[in-house]
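Peer 1: Those letters in the sequence shown? Residues 0 to 257, per the numbering used here, in order.
The beta-carbon is built from N, C-alpha and C at its ideal position, and this holds for glycine as well.
Can you keep this structure in mind? I'll have questions shortly.
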Amino acid sequence: MRGGETLKFAGKEFRSRLIVGTGKYPDHPTMQKALEASGAEIVTVAVRRVNLDRSQESLLDYIDLKKYTLLPNTAGCYTAEEAVKYARLAREVGMSEMVKLEVIGDQRTLFPDNEELLQATKILVKEGFIVLPYVNDDPIMARKLEEAGAAAVMPLGAPIGSGLGLRNPHNVILIMQMVNVPVIVDAGVGTASDAAVAMELGCDGVLMNTAIAGAKDPVLMADAMRKAVEAGRQAFLAGRIPKKSYASASTTMEGMIE
Numbered sequence: 000m001r002g003g004e005t006l007k008f009a010g011k012e013f014r015s016r017l018i019v020g021t022g023k024y025p026d027h028p029t030m031q032k033a034l035e036a037s038g039a040e041i042v043t044v045a046v047r048r049v050n051l052d053r054s055q056e057s058l059l060d061y062i063d064l065k066k067y068t069l070l071p072n073t074a075g076c077y078t079a080e081e082a083v084k085y086a087r088l089a090r091e092v093g094m095s096e097m098v099k100l101e102v103i104g105d106q107r108t109l110f111p112d113n114e115e116l117l118q119a120t121k122i123l124v125k126e127g128f129i130v131l132p133y134v135n136d137d138p139i140m141a142r143k144l145e146e147a148g149a150a151a152v153m154p155l156g157a158p159i160g161s162g163l164g165l166r167n168p169h170n171v172i173l174i175m176q177m178v179n180v181p182v183i184v185d186a187g188v189g190t191a192s193d194a195a196v197a198m199e200l201g202c203d204g205v206l207m208n209t210a211i212a213g214a215k216d217p218v219l220m221a222d223a224m225r226k227a228v229e230a231g232r233q234a235f236l237a238g239r240i241p242k243k244s245y246a247s248a249s250t251t252m253e254g255m256i257e
């Protein structure tokens, strides 16, 4: 059974399969409440968009590092060199040895640049980082990233912030069949049913930010996402009935009174 009872990678273990971001909230207190409601144990922070000077107010002041595992990300980087630079910076200031690796190839779609992503992964793995790359829903590239030492792969569900939900479930299934590391759907989730669908496919986890932070009630949406991820996982473990083209009676004719 894929994934087991907990989410595991690089010797680390987490009970929650929901990873949440910290950007785009109306204010930091709302973010704090949403993180709590989500039940997440891992939170991701954009290295380029956070004040690393702890003598001044910072987003990091609102994240309880005794409760949450910090996952710095290289959002906004367009080359392998740039992404590696910010991953190193995050580790140097004590954020984490883990990194959600993003190397963007196009400003309009924000799709990953696969070549640069693979190059950055190889460099960071050699330097001892736990690398979780954000990648296109490309099974071949996912396999190459695993071979390069990625601790997990994070295929997009849809473009970042689009809220379109999982556009290509078939490719995500192929990725799960081709790699042995955890598969965590990242980007494109819009509402709770999108998260449930990803988990029902058998994904090991879901990462999201805008779907929660951009909701009219972020705290309520965070709670909904927590429940959706849990329900989707349970449905996967339970094993759904096969789809059929025609009806199948719930009650058999055997033993019926004539």
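In whole angstroms, give me the CA-to-CA distance for L180 and A36.
Peer 2: Taking the sequence shown and counting its residues from 1, one reaches residue 180 at position 181. Taking the sequence shown and counting its residues from 1, one reaches residue 36 at position 37. The sequence as given places Val at residue 180; Leu does not occur at that position. Distance between the alpha carbons of V180 and A36 is about 28 Å.
Peer 1: What is the rounded straight-line gap between the Cα of K99 and the Cα of V188?
Peer 2: In the sequence shown, the residue the question calls residue 99 occupies position 100. In the sequence shown, the residue the question calls residue 188 occupies position 189. Their Cα atoms are separated by approximately 17 Å.
Peer 1: Among A150, D112, T108, Y133, which residue has its Cα nearest to the Cα of V124?
Peer 2: Against the sequence shown, residue 124 aligns to sequence position 125. Ranking the options by Cα distance to V124, first place goes to A150.
Peer 1: Would you kindly work out how many angstroms separate the C-alpha atoms of R16 and D222, rounded to a whole number?
Peer 2: As a first step, residue 16 is located in the sequence shown; it is residue number 17 there, counting from the start. As a first step, residue 222 is located in the sequence shown; it is residue number 223 there, counting from the start. Spanning the two alpha carbons is a distance of roughly 13 Å.
Peer 1: List the DSSP bridge partners of D185.
Peer 2: Residue 185 sits at position 186 when you count from the first residue of the sequence shown. DSSP output for D185 lists L155, L206 as bridge partner(s).
Peer 1: Buried or exposed, going by whether 16 or more other CB atoms sit within 10 Å of the CB of D26?
Peer 2: The residue given as residue 26 occupies position 27 in the sequence shown. It is exposed - the Cβ of D26 has fewer than 16 other Cβ atoms within 10 Å.
Peer 1: Could you pull the DSSP bridge partners for P241 from this structure?
Peer 2: As a first step, residue 241 must be located in the sequence shown, where it is residue number 242. Answer by DSSP bridge pairing: none, since P241 is not bridged.
Peer 1: Just to confirm, is the Cβ distance from C202 to V182 under 7 Å?
Peer 2: Translated into the one-based positions of the sequence shown, residue 202 becomes position 203. Translated into the one-based positions of the sequence shown, residue 182 becomes position 183. It is a contact, given that the beta carbons lie within the stated cut-off.
Peer 1: From V42 to L163, what does the alpha carbon distance come to, in whole angstroms?
Peer 2: One-based indexing of the sequence shown puts residue 42 at position 43. One-based indexing of the sequence shown puts residue 163 at position 164. If I take the Cα positions, the gap works out to 22 Å.
Peer 1: How many angstroms separate the CA atom of A9 from the CA atom of E56?
Peer 2: As a working mapping, residue 9 is identified with position 10 in the sequence shown. As a working mapping, residue 56 is identified with position 57 in the sequence shown. Their Cα atoms are separated by approximately 32 Å.
Peer 1: Quick one: measure Cβ to Cβ for I103 and L70, integer angstroms, because I've assumed they're closer than 8 Å.
Peer 2: For the purposes of this step, residue 103 is taken as the residue at position 104 of the sequence shown. For the purposes of this step, residue 70 is taken as the residue at position 71 of the sequence shown. I103 to L70, Cβ: 18 Å. No contact.
Peer 1: What separation, rounded to the nearest whole angstrom, lies between the Cα atoms of L141 and A186?
Peer 2: Walking along the sequence shown from the start, residue 141 turns up at place 142. Walking along the sequence shown from the start, residue 186 turns up at place 187. Residue identity differs from the one stated: residue 141 is Ala in this sequence, not Leu. Rounded to whole angstroms, A141 to A186 spans 16 Å at the Cα level.
Peer 1: Distance, Cα to Cα, T68 vs Y245?
Peer 2: Locating residue 68 in the sequence shown gives position 69, where the first residue counts as 1. Locating residue 245 in the sequence shown gives position 246, where the first residue counts as 1. If I take the Cα positions, the gap works out to 48 Å.
Peer 1: I need the DSSP call for P132, collapsed to helix, strand or coil.
Peer 2: One-based indexing of the sequence shown puts residue 132 at position 133. Looking at P132 - three-state DSSP - the assignment turns out to be strand.
Peer 1: In the structure shown, what three-state DSSP assignment does A45 receive?
Peer 2: As a working note, residue 45 is residue 46 in the sequence shown. Look at A45 here: in three-state DSSP terms it is strand.
Peer 1: Taking all protein chains shown into account, do 16 or more other C-beta atoms lie within 10 angstroms of the C-beta of V73, making it buried, or fewer, making it exposed?
Peer 2: Translated into the one-based positions of the sequence shown, residue 73 becomes position 74. In the sequence as presented, Val is not what sits at residue 73; that position holds Thr. By the neighbour-count rule (16 or more Cβ atoms within 10 Å), T73 is buried.
Peer 1: Helix, strand or coil for M0, going by three-state DSSP, please let me know.
Peer 2: On the sequence shown, residue 0 is found 1 positions in, with the first residue counted as 1. The predicted position of M0 is uncertain, since its pLDDT is 49 and thus under 50; no value can be drawn from it.
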